[in-house]
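Student: Protein sequences appear in the order of chains A and B.
For my numbering, add 7 to where a residue sits in the first sequence, where the first one is 1.
For my numbering, add 1 to where a residue sits in the second sequence, where the first one is 1.
Have a look at the structure that comes next, please.
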Amino acid sequence: AQSVTQPDIHITVSEGASLELRCNYSYGATPYLFWYVQSPGQGLQLLLKYFSGDTLVQGIKGFEAEFKRSQSSFNLRKPSVHWSDAAEYFCAVEKDGSEKLVFGKGTKLTVNP
Amino acid sequence: EPEVTQTPSHQVTQMGQEVILRCVPISNHLYFYWYRQILGQKVEFLVSFYNNEISEKSEIFDDQFSVERPDGSNFTLKIRSTKLEDSAMYFCASTSTDTQYFGPGTRLTVL
């Protein structure tokens, strides 16, 4: 069965610093890949998605992610973090032919002033 | 921008009671989903629904759970006899293509 691994449970960065959140998946073919963000007490908001084509995808709020087939990775990046980016970030995979999303355990981001 | 909405935002119930969680998907979407997130754990798929029937369900979605689209706008999740372990945040999602859009969730607390 496919799985999604987010190896970092909690990351702390300073405001203005760059950010990279890691995501690896295990699945033979290229699945659809997503990053969602969950602010405290809120639902899941889609940041960006990758289906095919250009492996560097741009999302909302200045985020981007790069799909690397050789590493089965889809890491999320932001060049300069803002205090409002503090939230929990979830990587998710949708296997072609299935309708369900499989989520990673999430990475909680803390932003220091 | 259209959104998925869910009511109530928080539901407290006694063990053994029935609860109905309500969702209003985005109006032109055709596929509907329920997920849950137990506190501190990952978001888990429960069920997907299309054309007035379940299209896929997880092993979590046992006979205690049911879903319904009673009219053209609502999509409900019913838990017949709640257990303590049903305490979680329940998210509804909908899509018309490949991207699922999530509601804000209903926090269910079973006492």
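Positions of the beta carbon are idealized from the N, C-alpha and C atoms, including for glycine.
Between the alpha carbons of I67/A and L53/A, how many angstroms are there, rounded?
Tutor: Against the first sequence, residue 67/A aligns to sequence position 60. Against the first sequence, residue 53/A aligns to sequence position 46. Cα to Cα, I67/A sits roughly 8 Å from L53/A.
Student: Helix, strand or coil for E19/B, going by three-state DSSP, please let me know.
Tutor: Within the second sequence, numbered from 1, the residue matching residue 19/B stands at position 18. Three-state DSSP puts E19/B in coil, outside helix and strand.
Student: So if I threshold CB-CB distances at 7 Å, which residues from the segment 49-65 of chain A count as touching chain B?
Tutor: Against chain B - using a Cβ distance shorter than 7 Å - the residues of the segment 49-65 of chain A are Q49, G50, L51, L53, K56, F58.
Student: Is the shortest distance between the beta-carbon of S46/A and the beta-carbons of chain B less than 8 Å?
Tutor: Here residue 46/A refers to the residue found at position 39 of the first sequence. Chain B, which has no Cβ nearer than 8 Å to the Cβ of S46/A, makes this no.
Student: Please list the partners that L108/A has in chain B, where partner means a Cβ-to-Cβ separation under 7 Å.
Tutor: Taking the first sequence and counting its residues from 1, the one referred to as residue 108/A is at position 101. Those within 7 Å of L108/A in chain B are F46, Q101.
Student: Under DSSP, the beta strand (DSSP E) around H17/A begins and ends at which residues?
Tutor: Position 10 of the first sequence, counting from 1, holds the residue named residue 17/A. That run of the beta strand (DSSP E) goes 17-21.
Student: Please classify D87/B as buried or exposed, where buried requires at least 16 neighbouring CB atoms within 10 angstroms.
Tutor: Against the second sequence, residue 87/B aligns to sequence position 86. With at least 16 other beta carbons inside 10 angstroms of its own, D87/B counts as buried.
Student: Run through DSSP, which three-state label would I67/A get?
Tutor: As a first step, residue 67/A must be located in the first sequence, where it is residue number 60. Looking at I67/A - three-state DSSP - the assignment turns out to be helix.
Student: In the DSSP output, which residue or residues are listed as bridge partners for V44/B?
Tutor: Position 43 of the second sequence, counted from the start, is the residue given in the question as residue 44/B. Q38/B.
Student: Please list, in chain order, the chain B residues whose beta carbon lies closer than 8 Å to that of S105/A.
Tutor: Here the question's residue 105/A lines up with position 98 in the first sequence. Simply E57.
Student: Give a yes or no on contact between the segment 12-22 of chain B and the segment 26-42 of chain A, applying the rule of three or more CB pairs nearer than 8 Å.
Tutor: Contact between the segment 12-22 of chain B and the segment 26-42 of chain A is absent: fewer than 3 CB-CB pairs across the two stretches fall below 8 Å.
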